[in-house]
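Counting in the numbering used here, the sequence shown runs from 194 upward without gaps.
So the structure is just underneath, and the comments pick up after that.
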Amino acid sequence: MKIKSIEPIVVSQKLKKTFHFSQWEYSSRTICIVKVTTENGTVGWGEGYGPAHIVKSAIEFFIPYIVGKNALHNEEVWQEMYLRSLDYARKGVMLAGLSAIDIALWDIKGKALGLPVYSLLGGKKNEFVKPYATGLYFSNGGDCKNSLIDEAVSYKERGFMGIKMKVGLGVQKDAEYVHAIKEAIGNDVELMIDSNHAYSFTESVLLCNKLKDLEISWFEEPLSPEHYDNYRQLRERTSIPISGGECEYLSYGFLQLFQKQSVDIAQPDICAAGGITEVKKIAALANTFGVDLVPHTWGTGIAQHAAMHLISNLDIIPGRMYKSVPWMELDQTENELRDKLTKPLTELENGLIRVPDLPGLGIELNEDLIDRYKV
Ligand code: MG
Numbered sequence: 194m195k196i197k198s199i200e201p202i203v204v205s206q207k208l209k210k211t212f213h214f215s216q217w218e219y220s221s222r223t224i225c226i227v228k229v230t231t232e233n234g235t236v237g238w239g240e241g242y243g244p245a246h247i248v249k250s251a252i253e254f255f256i257p258y259i260v261g262k263n264a265l266h267n268e269e270v271w272q273e274m275y276l277r278s279l280d281y282a283r284k285g286v287m288l289a290g291l292s293a294i295d296i297a298l299w300d301i302k303g304k305a306l307g308l309p310v311y312s313l314l315g316g317k318k319n320e321f322v323k324p325y326a327t328g329l330y331f332s333n334g335g336d337c338k339n340s341l342i343d344e345a346v347s348y349k350e351r352g353f354m355g356i357k358m359k360v361g362l363g364v365q366k367d368a369e370y371v372h373a374i375k376e377a378i379g380n381d382v383e384l385m386i387d388s389n390h391a392y393s394f395t396e397s398v399l400l401c402n403k404l405k406d407l408e409i410s411w412f413e414e415p416l417s418p419e420h421y422d423n424y425r426q427l428r429e430r431t432s433i434p435i436s437g438g439e440c441e442y443l444s445y446g447f448l449q450l451f452q453k454q455s456v457d458i459a460q461p462d463i464c465a466a467g468g469i470t471e472v473k474k475i476a477a478l479a480n481t482f483g484v485d486l487v488p489h490t491w492g493t494g495i496a497q498h499a500a501m502h503l504i505s506n507l508d509i510i511p512g513r514m515y516k517s518v519p520w521m522e523l524d525q526t527e528n529e530l531r532d533k534l535t536k537p538l539t540e541l542e543n544g545l546i547r548v549p550d551l552p553g554l555g556i557e558l559n560e561d562l563i564d565r566y567k568v
């Protein structure tokens with residue numbers, strides 16, 4: 194089962210409508226996926242999270258070191274990639290390249306053995322995942338409160354049990370918008386907020402105080418990901434659970450996040466933090482520190498399926514007869530690549546997604562369409 198070829202592919206789609214968040218604007222979606230083929234013709238798909246052309250370069254860097262290795266020995270391949278990049282890439286985009294290849298090898302292993310990835314991970318401890326809708330980005334300029342309310346209500350009507358909205362427009366405006374959304378959707382749908390590290394410690398405390406009477410399920414990335422101690426101090430000042438980790442890498446990075454008691458909920462991105470192999474270890478580490486884990490998930494159906502398999506395998510601690518169903522992030526922003534390259538993941542059963550039992554990641558890529566989007 195030797196790896197024969199590794200092909201990074203950058204796909205891009207210009208958006209009909211731009212949207213922005215606290216850091217920058219999106220006018221297109223550009224993503225690097227990877228196709229790994231073995232000598233017997235088995236194909237696995239992976240995806241990296243980060244600037245697509247740099248992810249592509251990262252994948253190309255690893256190719257000469259791992260072509261010819263046994264695709265089923267995915268940890269051995271992971272170790273080779275890790276050691277080849279360790280001296281200059283303990284965090285960042287090189288690890289997105291590593292993650293993409295790692296995910297593709299899990300897909301290959303599952304297909305080769307006729308087993309879904311969750312089986313390879315040790316089984317489906319969670320039959321369902323509970324998607325929350327990620328959306329409510331800002332449109333360009335002016336007041337967007339009413340359009341955000343309409344969008345939030347549409348997610349509730351579609352059966353989502355959780356909605357995550359962007360904040361980062363300034364403490365006053367955020368507080369006004371969050372109150373308006375909460376009033377529109379009520380308390381039977383959970384609401385999370387995400388500033389993408391837009392705020393200082395003082396501003397974060399002010400915003401938390403203004404939202405303290407609302408039921409907010411978590412405040413994601415309130416602060417710069419470098420400010421581990423400020424995260425802990427914020428947790429001491431608010432009853433709102435604090436989450437973070439989409440800009441963190443490897444179990445070593447998450448160990449720091451946990452030892453500093455920075456977050457209630459850790460959010461590694463499987464396509465960046467080290468692939469399925471490493472995020473399984475990060476999940477084990479989170480368990481030992483009593484921290485919940487909800488992976489950050491962006492990009493195409495490859496990323497979504499990788500997340501779904503990993504989440505279905507998560508330990509839910511503490512156990513109880515009526516245990517909770519783990520969250521899964523389900524991006525709702527405009528993205529044809531996500532909706533068309535694979536069959537979209539949108540079938541809700543009472544607000545939940547049943548984890549499918551197909552081999553590997555359980556996806557078929559529409560390769561004809563790749564040519565349409567390929568850069
Ligand atoms: Mg986020």
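For glycine and all other residues, C-beta sits at the position ideal for the given N, C-alpha and C.
Problem - Whole-angstrom C-beta distance between A293 and E240, which should lie under 8 Å - result: Right, their Cβ atoms sit about 6 Å apart.
Exercise for the section: State yes or no: is the C-beta of S505 within less than 9 Å of the C-beta of K317? Expected result: For S505 and K317, yes; Cβs fall inside 9 Å.
Exercise for the section: May I ask you to verify whether the region 203-219 touches the region 265-279, counting CB pairs closer than 8 Å and requiring at least 3? Expected result: Result no; under three Cβ-Cβ pairs closer than 8 Å.
Practice task
Please go through the same chain and pick out, in chain order, the residues whose beta-carbon is closer than 6 Å to the beta-carbon of E439, but skip the five residues on each side of it.
Solution key: Once the five neighbours on either side are set aside, the close Cβ partners of E439 are Q460, D462, H489.
Exercise for the section: May I ask you to check if the CB of Q216 is nearer than 8 Å to at least one heavy atom of ligand 1? Expected result: No, ligand 1 has no heavy atom inside 8 Å of this Cβ.
Handout entry: K359 classed as buried or exposed, judged by whether at least 16 other C-beta atoms fall within 10 angstroms
Key = When all chains shown are included, K359 counts as buried.
Exercise for the section: Classify S330 as helix, strand or coil using the three-state DSSP reduction. Expected result: The sequence shown places Tyr at residue 330, rather than the Ser named in the question. Y330 falls in the coil class under three-state DSSP.
Exercise for the section: Assign Q272 to one of two classes, buried (16 or more other C-beta atoms within 10 Å of its C-beta) or exposed (fewer than that). Expected result: Q272 is exposed by the Cβ-count criterion.
Exercise for the section: Counting only the same chain and skipping the five closest in sequence on each side, list residues whose C-beta sits under 7 Å from that of E253. Expected result: P201, listed in sequence order.
Exercise for the section: Taking only heavy atoms of ligand 1 into account, decide whether any of them is closer than 8 Å to the Cβ of N389. Expected result: Indeed, a heavy atom of ligand 1 lies less than 8 Å from the Cβ.
Practice task
In the DSSP assignment, find the unbroken beta strand (DSSP E) run with D280 in it and report its ends.
Solution key: Boundaries cannot be given for D280, as no beta strand (DSSP E) includes it and DSSP labels it neither H nor E.
Practice task
Answer yes or no: do Y348 and V382 have a C-beta to C-beta separation smaller than 9 Å?
Solution key: Yes, they are a contact pair.
Problem - S444 - containing alpha helix (DSSP H), residue span - result: Membership of S444 in the alpha helix (DSSP H) is indicated by the continuous run 443-452.
Handout entry: Chain-order list of residues whose beta-carbon lies under 6 Å from that of V260 (same chain, five-residue window excluded)
Key = Taken in chain order, the residues that qualify are I196.
Practice task
State buried or exposed for E441, treating a residue as buried only when at least 16 other CB atoms are found within 10 Å of its CB.
Solution key: Buried is the call here.
Practice task
Spell out the partners DSSP gives I378 in its beta bridges.
Solution key: For I378, which the question treats as bridged, DSSP gives no partner whatsoever.
Practice task
Given a cut-off of 9 Å, decide if S215 and S388 are closer than it, judged by their beta-carbon atoms.
Solution key: Taking 9 Å as the Cβ cut-off, S388 and S215 qualify as a contacting pair.
Problem - Sequence-distant residues of its chain with Cβ nearer than 8 Å to A377 (five each side left out) - result: Cβ neighbours of A377 within its own chain (closer than 8 Å, five residues either side excluded): I342, A345, V346.
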